[in-house]
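Same order as they appear, the protein sequences are chains A and B. Mind the numbering: the first sequence is residues 1 to 372 in the UniProt record's numbering, read in order. Mind the numbering: the second sequence is residues 1 to 510 in the UniProt record's numbering, read in order. Glycine is no exception: its CB is placed at the ideal position from the N, C-alpha and C atoms. Below is one structure; the comments refer to it alone.
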Amino acid sequence: MAVVDHSPVPGPRGLASPEGWLAALARRSEAVLIPLGALIAGLAVFGLFLMSQGKSPAEFYGLVYKAGFGTAFSWQNTLSRTAPLLFAALCVALPARLGLVVIGGEGAIVMGGVACGALAGALSGWPPALALPLMAAAGALVGGVWIGAVGWLRHVRGVNETIASLLMAYIAIALMNHLVEGPFRDPASLNKPSTAPLPEALRVGNIPGWDVHWGLIFGMLACLLAWILIERTTWGFAARIAGGNARAAQVQGLPVGRLIIGFTALGGALAGLAGVFEVTAVHGSANASLAAGYGYTGILVAFLARHNPLVIIPVAILLAGFEASSGLVQRRMDLPDATTLVLQGIVFVAILMSETLYGRLRLFAPERWRST
Amino acid sequence: MSLPVKPLEQAIEVETLHMTMRFGAFTALDDVSIRITPGSFHALLGENGAGKSTLVKCMMGFYRATSGEMLVDRREALVPDPRAAHALGLGMVYQHFTLVPSLTAAENLVVSRDDAPRVIDWRRERAALAEFMARMPFSVPLDQPVRALSAGEKQKLEILKQLYLGRRFLILDEPTSVLTPDEADEVLGHVKALCEAGEITVMMITHKFREVTAYADAVSVLRWGKLVGSALVSDLSHADMARIMMGEAELPDPAPRTGMPGDAVLSLKGARASDRSGLKQIVIDALEVRAGEVVGVAGISGNGQMELMEVLTGQRPLGAGSIEVKGAPYGASREEARVKCVRYLPEEPLHNACAPRMSVTENINFRSFDLNGSGRRFWLSGREMRTRAAELVAGFKVRAASLDAPMASLSGGNVQRAVLARELTGEVDLLVISNPCFGLDFTAVAEIRARIMAARNGGAAVLLMSEDLDEIMELADRVLVMSEGRIAYEKPIADAQIAEIGHHMGGYSA
Chain A
1 MAVVDHSPVP GPRGLASPEG WLAALARRSE AVLIPLGALI AGLAVFGLFL MSQGKSPAEF
61 YGLVYKAGFG TAFSWQNTLS RTAPLLFAAL CVALPARLGL VVIGGEGAIV MGGVACGALA
121 GALSGWPPAL ALPLMAAAGA LVGGVWIGAV GWLRHVRGVN ETIASLLMAY IAIALMNHLV
181 EGPFRDPASL NKPSTAPLPE ALRVGNIPGW DVHWGLIFGM LACLLAWILI ERTTWGFAAR
241 IAGGNARAAQ VQGLPVGRLI IGFTALGGAL AGLAGVFEVT AVHGSANASL AAGYGYTGIL
301 VAFLARHNPL VIIPVAILLA GFEASSGLVQ RRMDLPDATT LVLQGIVFVA ILMSETLYGR
361 LRLFAPERWR ST
Chain B
1 MSLPVKPLEQ AIEVETLHMT MRFGAFTALD DVSIRITPGS FHALLGENGA GKSTLVKCMM
61 GFYRATSGEM LVDRREALVP DPRAAHALGL GMVYQHFTLV PSLTAAENLV VSRDDAPRVI
121 DWRRERAALA EFMARMPFSV PLDQPVRALS AGEKQKLEIL KQLYLGRRFL ILDEPTSVLT
181 PDEADEVLGH VKALCEAGEI TVMMITHKFR EVTAYADAVS VLRWGKLVGS ALVSDLSHAD
241 MARIMMGEAE LPDPAPRTGM PGDAVLSLKG ARASDRSGLK QIVIDALEVR AGEVVGVAGI
301 SGNGQMELME VLTGQRPLGA GSIEVKGAPY GASREEARVK CVRYLPEEPL HNACAPRMSV
361 TENINFRSFD LNGSGRRFWL SGREMRTRAA ELVAGFKVRA ASLDAPMASL SGGNVQRAVL
421 ARELTGEVDL LVISNPCFGL DFTAVAEIRA RIMAARNGGA AVLLMSEDLD EIMELADRVL
481 VMSEGRIAYE KPIADAQIAE IGHHMGGYSA
C-alpha cells in the first residue's frame, strides 16, 4: 500500500524505550498535586475566614492537630469516625467512575441502619455468627436498592441522578423517622424514639487493643476491593469506558445500563453497611442519630480522593480528624458548631474549582513538554 | 441618527506583510505575505494544520501576530482585537452558522450590530432593511425564524449580515461544507458577482478544487505555516494545486478495486425509527450490503444518517422492521458484534469511539480487553493490553508521544488511525463507517481510504455514510442518497451522476 508521509514516523516512545520515569511521574502526579493544592488553598481561605472573625488560624489548626491526631486517644477518636466516611465515600466514588454524581449516600446509610435495627429485634436469641451477617446483608440490600433505584431511574427514564439521589435522601430520613417513631419503636425509648436496643451478643465490638470498632477494618477492606474491581477487572474497565464516553461504550456493545445500575447498587450497598456499623457498633439501635451527615462528608472525601478507592482511606482519616476535633475547637475558641461545616464547604468549593485545571497544566502532560 | 447601513463603498485591499505567529517553539505561521487586490476572489488552500486558520485569526484580531503587519488599503492597520478588525471593514463567515435559530432573519441582522439601540424601533429598522435588501443581488425571507431556512439560505444570510454590517473584506471559512452542490454554486455565484462589481473583496478557505477553479481569481497555498505558492487560478490545473499543497509527497493512486460482491451481509427491511427531534421518522424500506462491496450513502448532514448509524449500533431502538446480519436478526450487542465480526467507525472518532481522557493503550483495547483467546476473561491483563497497543500503534503508524498519553492529546488523523487499528484488526465481515475522513489532511485521507478499500477487497461488506461526495465516488460500488430520513436514490457507481445525486441530496427528485 502506497501510504505517503511527510516525515519518518518516529516510533512511539512507549515501544522502543519505556517512557522516562520523569514523564511517568509527571503524568501520575496530576491526580495528587491538584487536589492537594486545592485542599491547602481551601484551608488557607478558611484561615482568612477565621481571621475575619478575630480568631487565630494557627490556634485553630493547632487544636485540630491536637484533638484529631495528637495523642493515641485522639487517633482512636478520629478512626472511629473514619469507618462511615469510607463507606459513604465509596458510594460516591463507584458511580463517579461511570460519570455519575450521586450525592445521596446519606439516604442509603439511614435505610441500611433502619433495616439492620429492625431485623435485630426479630433475630434476638440467634447465634451472632448467623445473625450479624444476616443483619449486614439486610442493610446492604436495602441501601443497594435505594441507590440502585437512582441508577435505574437514570438509565431507564433519564432522571438526573444527582437530584434524584439527594431528594431520596430526604425521603429516607422521613421514612426512618416514621418507622422508628411508629412500627419499629421500642416503647421504652421515651425522649429519643429508637428501635429496640440490640442484645449485647449482636453488638459489634472493638478491634482488640484499640478503642475503635471493626467497621474501620471492613471499610478499608471495602476500599481495597473496590479499587481491585475498578482497576483490575474487566467489569471495572467497562465501567471506566462508559464513564469516559458513554457513546463509545455503546458503540462497543457494552451493557451501559447494567453497569450503571450495578455500580450504583454496589455503592448504595456499601453505604448501607455504614448504617449497619453505626447501629451495631455505635448507637446500639436505629434512631435519628443515623442521619449524622456522614453521607455528605463522604462526598467531600470522594472528590478529594479523585474517586480513587485507595486514596479514600487517608482522606477519610484526615476529614474524620477535623470532625473529631470540632468539640474541642468549639470549647477552646468559642466558635459555633457550624464552623466545621464552613470549613468543609470552603474546601469543597476549592476542590470543585480545581477540577477545571485537569489537562490544562503542561507540567503534567509530558507529550506537550517538547513544544515549549 | 445615521442609517445603520453604510452605503456600499468600494471593496478594500488587504495585504499581510511577513506575518509570523509562534506558539512557544512551534511556528504556526512563518513569514507569510499575501496581497489581495480590491474586488478579487482569493482562495486560500492548504492541508489541515498548514496555518490557514492561524493566518485568518491573526488578520481578524483573534491572535496577535508575533511579527509582521497587515495593510488595509495600503495603510498599516493594527488589529488588537476582532472589534478593531470589524471597524476596518473586515468580516468573517464561519463554517458553522452563527445565527440565532429562534430569531427571524431581520432580528438576527439588527441585533448583530454593535450600535443596536437598547430599544429597537422596528418600523424604522424594517424600512432600512428593505432598502438594504433592495440593493443586494440576492435576498432571504426576513420574517421567518432562521431555523426554518434551508442551509443555503442561512449561508446567504450570513453573507448578507456581513454586508449589512458594512464589511468590505470577507473571509469565508469553508462556507460550502454544509451546502448541497447546487446551493454552493448559488451562494458562491452571488459572492463572485459582488466581487466583480467591486463591492467586496473575498478570501475563501476551502478544500474543494472545483470551487477554486469555478469562482476564484487567485490562489495562495500554505504548507507547514509557509506560503508555498501564489498564482492566478487560470494558470493552474487541479493537479498543480494538489502538487503545491502536498509538496514533494505524491498522492497515492486510489487503491485498486478487486473481487466481486458476494452474498448479502447486512440487510434492513421496513426499518422505522424516530429521529433526534422525535418528530420525524427514519424510514429504510430496503437496504442491503453484500460482501466485498462498498455501499456509499450520500446526503447533507441531518437527513437521518446519524440516526441510521445509531440504529445499526444499537443506540436507537427500531420502531418496526428488522436488521439482519448474515441472515439472522441482529441486536448489536457486544457478543453479536463479536460473533458476526461487525465493526463500527463512527464520525468524529474522538467523541464517538474513544474515551478522550483514557490512555492510548486503554482506548486501543476497548474491543478486546475482555477477551482471552476465544473465551472471556474477568481479570484485566495489563501486559497483554500494552503489547497489543504497541503492535497496533506501530502497524498503523499512529504518532503518539507515549502509549500512556491521553487519547485527546493525539491529532485528529492519529486518533482515526488508532481507531482504525482497533477496529480493522482481525476478521471483519461488516464495516459501518460514517465520515471517516472529516477534518483530516490529504495524507491521512489517502491512507484511511486505502484501508477501507483493502477491507472491501478482503471480502468485508462496507456501509459508508459520507457527506463528502468525492469520497463516495472514489470508494463506493453502489451509491445511495439519504434525504429527509429516506433513501431517495440508488445507482451502481458506474451509472451515477454527480449532478443527479446533488439534486436528490437537495430534496428535489427532478
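query                                                                                                                                                           : result
Can you give me the start and stop residues for the beta strand (DSSP E) that G91 (chain B) sits inside?                                                        : L90 to V93
Which residues bound the beta strand (DSSP E) around F169 (chain B)?                                                                                            : F169 to D173
Using a beta-carbon distance below 8 Å, is I241 (chain A) in contact with chain B?                                                                              : yes
Quick one: residues in its chain with C-beta nearer than 6 Å to the C-beta of I282 (chain B), no 5 flanking neighbours on either side, listed in chain order?   : A273, D275, G304, E307 and G485
Residues of chain A with CB closer than 9 Å to the CB of L380 (chain B), please, in chain order.                                                                : E231, R232, T233, T234, G236 and F237
Identify whether Q330 (chain A) lies in helix, strand or coil by the three-state DSSP scheme.                                                                   : helix
Could you tell me whether the Cβ atoms of C91 (chain A) and A271 (chain A) are closer together than 8 Å?                                                        : yes
G314 (chain B) versus chain A: which residues are under 8 Å apart at the beta carbon?                                                                           : Q250 and G253
Counting Cβ pairs closer than 8 Å, one from the stretch 383–400 of chain B and one from the stretch 334–348 of chain A, do we hit at least three?               : no
Does the distance from the C-beta atom of G198 (chain B) to that of P38 (chain B) stay below 8 Å?                                                               : yes
Considering M260 (chain B), what are the terminal residues of the alpha helix (DSSP H) in which it resides?                                                     : Counting along the chain, M260 (chain B) falls outside any alpha helix (DSSP H), and DSSP gives it neither H nor E.
Go through its chain and collect everything with a Cβ distance to D5 (chain A)'s Cβ below 6 Å, but skip five positions before and after it.                     : Legend: pLDDT at D5 (chain A) = 33, less than 50; position of this residue unreliable, value from coordinates given subsequently. Contacts found: none.
Using the rule of at least 16 other Cβ atoms within 10 Å of the residue's Cβ for burial, across every protein chain shown, is I261 (chain A) buried or exposed? : buried
Can you give the beta carbon distance from R147 (chain B) to G89 (chain B), rounded, assuming they're within the 8 Å contact cut?                               : At roughly 30 Å, the Cβ-Cβ gap does not stay under 8 Å, so R147 (chain B) and G89 (chain B) are not in contact.
Report yes if the CB atom of residue 514 (chain B) is closer than 8 Å to the CB atom of D217 (chain B), and no otherwise.                                       : Not covered by the structure: residue 514 (chain B). The range shown for chain B is 1 to 510.
Measuring alpha carbon to alpha carbon, tell me which of B:G382, B:L420 and B:R376 ends up nearest G395 (chain B).                                              : B:L420
For a test of the three-state rule: what should DSSP assign to L94 (chain A), helix, strand or coil?                                                            : helix
Buried or exposed: V339 (chain B), going by 16 or more other Cβ atoms within 10 Å of its Cβ?                                                                    : exposed
Can you name the residues of chain A whose CB is closer than 7 Å to the CB of A353 (chain B)?                                                                   : A248 and V251
So is H96 (chain B) buried or exposed if we call it buried at 16+ other beta carbons inside 10 Å?                                                               : exposed
Rounded to the nearest angstrom, what separates G253 (chain A) and E335 (chain B) at their Cα positions?                                                        : 8 Å
Could you tell me whether any Cβ in chain B is nearer than 8 Å to the Cβ of N308 (chain A)?                                                                     : no
Let's see if you can read the secondary structure: which residues bound the beta strand (DSSP E) around K226 (chain B)?                                         : K226 to L232
Who does W379 (chain B) pair with in a DSSP beta bridge?                                                                                                        : A:T233
Put T443 (chain B) into one of helix, strand or coil per three-state DSSP.                                                                                      : helix
Take A85 (chain B) as the anchor and find which of B:T104, B:A193 and B:K57 has the nearest alpha-carbon.                                                       : B:K57
Would R27 (chain A) count as contacting chain B if we go by Cβ distances under 8 Å?                                                                             : yes
Short check: CB of A454 (chain B) to CB of V295 (chain B), under 8 Å?                                                                                           : no
Report the residues of the stretch 321–350 of chain B with a CB closer than 7 Å to any CB of chain A, ordered along the chain.                                  : A332, S333, R334, A337, Y344 and P346
Quickly, what does DSSP pair L86 (chain A) with across the bridge? List them, please.                                                                           : Beta-bridge pairing links L86 (chain A) to no other residue.
Classify I120 (chain B): buried if its beta carbon has 16 or more other beta carbons within 10 angstroms, exposed otherwise.                                    : exposed
Between the beta-carbon of I103 (chain A) and the beta-carbon of S165 (chain A), is there less than 8 Å?                                                        : yes
Give me the chain A residues within the contact set of P356 (chain B), using Cβ-Cβ distance strictly less than 8 Å, ordered along the chain.                    : G244 and N245
Using a Cβ cut-off of 7 Å, pull out every chain A residue sitting near S368 (chain B), in sequence order please.                                                : By Cβ distance, chain A contributes nothing, its closest Cβ being about 10 Å from S368 (chain B), past 7 Å.
Pairing CB atoms from the stretch 61–70 of chain B with CB atoms from the stretch 258–265 of chain B, are three or more of them under 8 Å?                      : no
Nearest-angstrom Cα distance between P12 (chain A) and R383 (chain B)?                                                                                          : Any reading at P12 (chain A) must be qualified, since the residue scores a pLDDT of 40, below 50, and its modelled position is unreliable; the value itself is stated next. Spanning the two alpha carbons is a distance of roughly 17 Å.
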